[in-house]
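Only one structure is covered here, and it is reproduced in the block below.
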Amino acid sequence: MLDPKLIRANLEEVAQGLAKRGFTLDVELLRSLEEERKAIQIKTENLQSERNSRSKNIGKAKAAGEDIAPLMSQVEQLKQDLAAAEAELHLVQQNLDDYLSGVPNIPAAEVPEGASEDDNVEVRRWGKPREFDFEVKDHVDLGAELSGLDFDTASKITGARFAVMKGGIARLHRALIQLMLDTHLAEHGYEEVNVPYIVNADSLFGTGQLPKFEEDLFKLNDERGFYLIPTAEVPVTNLLRDTLLDKEATLPLKFVAHTPCFRSEAGSHGRDTRGMIRQHQFEKVELVQFVKPEQSDEALEALTGHAEAILQKLGLPYRTVILCGGDIGFSSAKTYDIEVWVPSQNKYREISSCSNFRDFQARRLKARYRDPETGKPALLHTLNGSGLAIGRTLLAVLENYQQADGSVLVPEALQPYMGGLTRIGG
RNA sequence: GGAAGGGUGGCAGAGUGGUUGAAUGCACCGGUCUUGAAAACCGGCGUAGGUUAAUAGCCUACCCAGGGUUCAAAUCCCUGCCCUUCCGCCA
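Next comes the structure, spelled out in structure tokens:
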């Protein structure tokens, strides 16, 4: 949620900032709702003030043993007027809130202009795609030949966009999780957390998935309105919902969590239907940071580096792009995508998305700290990024480390987690 | 699943329908004292919204959430959520 004061004071500038992401702010609607709100609020508060003072007088008169009947008759009409004004105010405020909760974050100044992912700008590249002297296979064929990846059985058990992993590949999958968690703990200073995979609607509102993106979620058939998490971002960022950190709290707070993620992939029919790229259920190691506002720009660079470090350890070529205005997520002010080299597709594919949300989520969450300078509560800045998506990393390892005989070498960094195994198959 | 008791400031914890935004303690901030610190003492200290040039004043709201009763609700009533204790069940 954007700062209502900012919108009020700088309506045109806000609209201009949002235009960069192709969002048209309804300036006229906001202006008229705001005028209405102001008038009704003042009227309501005046009535409340009058009620309060009259009620106090009644109390005093009663205590003094005076006759309160005349005072009571004066207050009759007031009660009705107040009820009407309060109802009206409630309605306008609801309309304002409904509209504002659907307004996305303003892209940072350095976010490039553009309409789609084609306009994202590469900021760096690491590693060189390997030259193959044989016909490369994709991970689906490799996995099938190794009897380690089975999409047909998964579709029997559940349906499309699920996978069964077995043997060395299942273990490789687990090894990736361990490597990532251990690296972020020991080398990047994150604290490991284990969180619920089922969340309530308030949590999803806090991070911005609701109210706009409900169709992307799996909702449980449960009267409590629970959802499966689409990312650990939701439960981990909500650790600080409705929280005011005291002055002694050490910032930044850095959490890493491994969770499954569940996405309905509504609207992506026909895209990436083969293999592990786009599944209804996948696992991810997620990095989340809560930082002081003045540190969030820097923190995004660091966090992105933490995710990149995993790819470097694995020896997987990647490039990092900054998302353009048209491609950036709803809650984000600035996002870097890290894209790993996928030999079978001969291109880089997203494996991590690292975002600075500034105070956009924190305002919805009421995640605050006490600013030691002013002694006053202030909104934190939140950031998160995949560090990394496990399924896609597995896919990248299989394809980039494949051998002519169909076997797959185990990257050195993973061998300790594989009981010293250096090769799968062959 | 059954029974009972709770949810109040950053934390702990009082609170009888009416000068209660809320006692008290801790924490925190300022001061006195001290070579310095601690202790003691004095003072201050909630959040949000509105109005405003104002982080001054004034007004409003907020005691888990949402409804209700009342001239007036932290206090009474209803619903929901959560927590604690006991019993039952269970990985």
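Just so you know, we're using our numbering here: the first sequence kicks off at 1 and counts up by one. Quick reminder that beta carbons are idealized off the backbone N, C-alpha and C, glycines included. None of these values were measured; they are calculated from a predicted model.
Its chain contains MET418 as the residues whose beta carbon lies nearer than 7 Å to that of ARG171, once the 5 sequence neighbours on both sides are disregarded; these appear in chain order. When VAL410, LEU210 and THR243 are compared, the shortest CA-CA separation from ALA367 is found for THR243. Per DSSP, the continuous beta strand (DSSP E) segment holding LYS254 begins and ends at 253-262. Runs of the alpha helix (DSSP H) lying entirely within the segment 365-407 and spanning at least 4 residues, in chain order: 390-400. When the Cα atoms are used, LYS43 and GLU36 turn out to be separated by approximately 11 Å. In this structure, the alpha-carbon of LEU185 lies about 37 Å from that of ASP405. For the pair LEU18 and LEU25, the Cα-to-Cα distance works out to about 7 Å. Close CB contacts of HIS306 within its chain, under the 7 Å cut and outside five residues either way in sequence, are with HIS184, HIS188, LEU287 and GLY387 (chain order). Note that the segment 376-393 does not touch the segment 129-140; fewer than 3 beta-carbon pairs, one per stretch, sit closer than 8 Å. For ASP337, the enclosing beta strand (DSSP E) stretches over residues 334-342. Per DSSP, the continuous beta strand (DSSP E) segment holding ILE351 begins and ends at 347-358. Between the C-alpha atoms of GLY426 and LYS284 there is a straight-line separation of about 29 Å. Shown here for LEU146: same chain residues with a beta carbon closer than 8 Å to its own, the five before and five after excluded, namely GLY167, GLY168, ILE169, GLY406, SER407, VAL408, ILE424 and GLY425 in chain order.
Between the C-alpha atoms of GLN74 and LEU96 there is a straight-line separation of about 34 Å. Secondary structure of ARG124 (DSSP, three-state): strand.
Straight through space, the alpha carbons of GLU50 and ALA61 are spaced by roughly 16 Å. Contact check for GLU192 against VAL111 fails: the beta carbons are separated by 7 Å or more.
Runs of the alpha helix (DSSP H) spanning 4 or more residues and lying entirely within the segment 3-55 occur at 4-9 and 11-19, in chain order. Distances from the CA of ARG241 to each of LEU314, ASP98 and PHE205 were compared; the closest alpha carbon is that of PHE205. ASP359 has its alpha-carbon roughly 49 Å from the corresponding atom of LEU71. Under the three-state reduction of DSSP output, LYS62 falls in the helix class. Of the residues assessed, ARG364 falls on the buried side of the cut-off, its CB having 16 or more other CB atoms within 10 angstroms.
In terms of Cα proximity to LEU33, the closest of ARG54, ARG21, GLU45 and LEU11 is LEU11. Of ASN200, ALA163, ILE338 and TRP341, the smallest CA-CA separation from GLU223 is found for ASN200. Boundaries cannot be given for GLN415, as no beta strand (DSSP E) includes it and DSSP labels it neither H nor E. Residues of the same chain with a CB within less than 7 Å of the CB of ASP67, apart from the 5 flanking positions on each side, do not exist. Secondary structure of VAL288 (DSSP, three-state): strand.
For VAL234, the uninterrupted alpha helix (DSSP H) run begins and ends at 233-237, by DSSP. In the DSSP assignment, LEU244 falls within the unbroken beta strand (DSSP E) covering 243-245. The segment 309-322 makes contact with the segment 333-346, as at least three CB pairs between them are under 8 Å.
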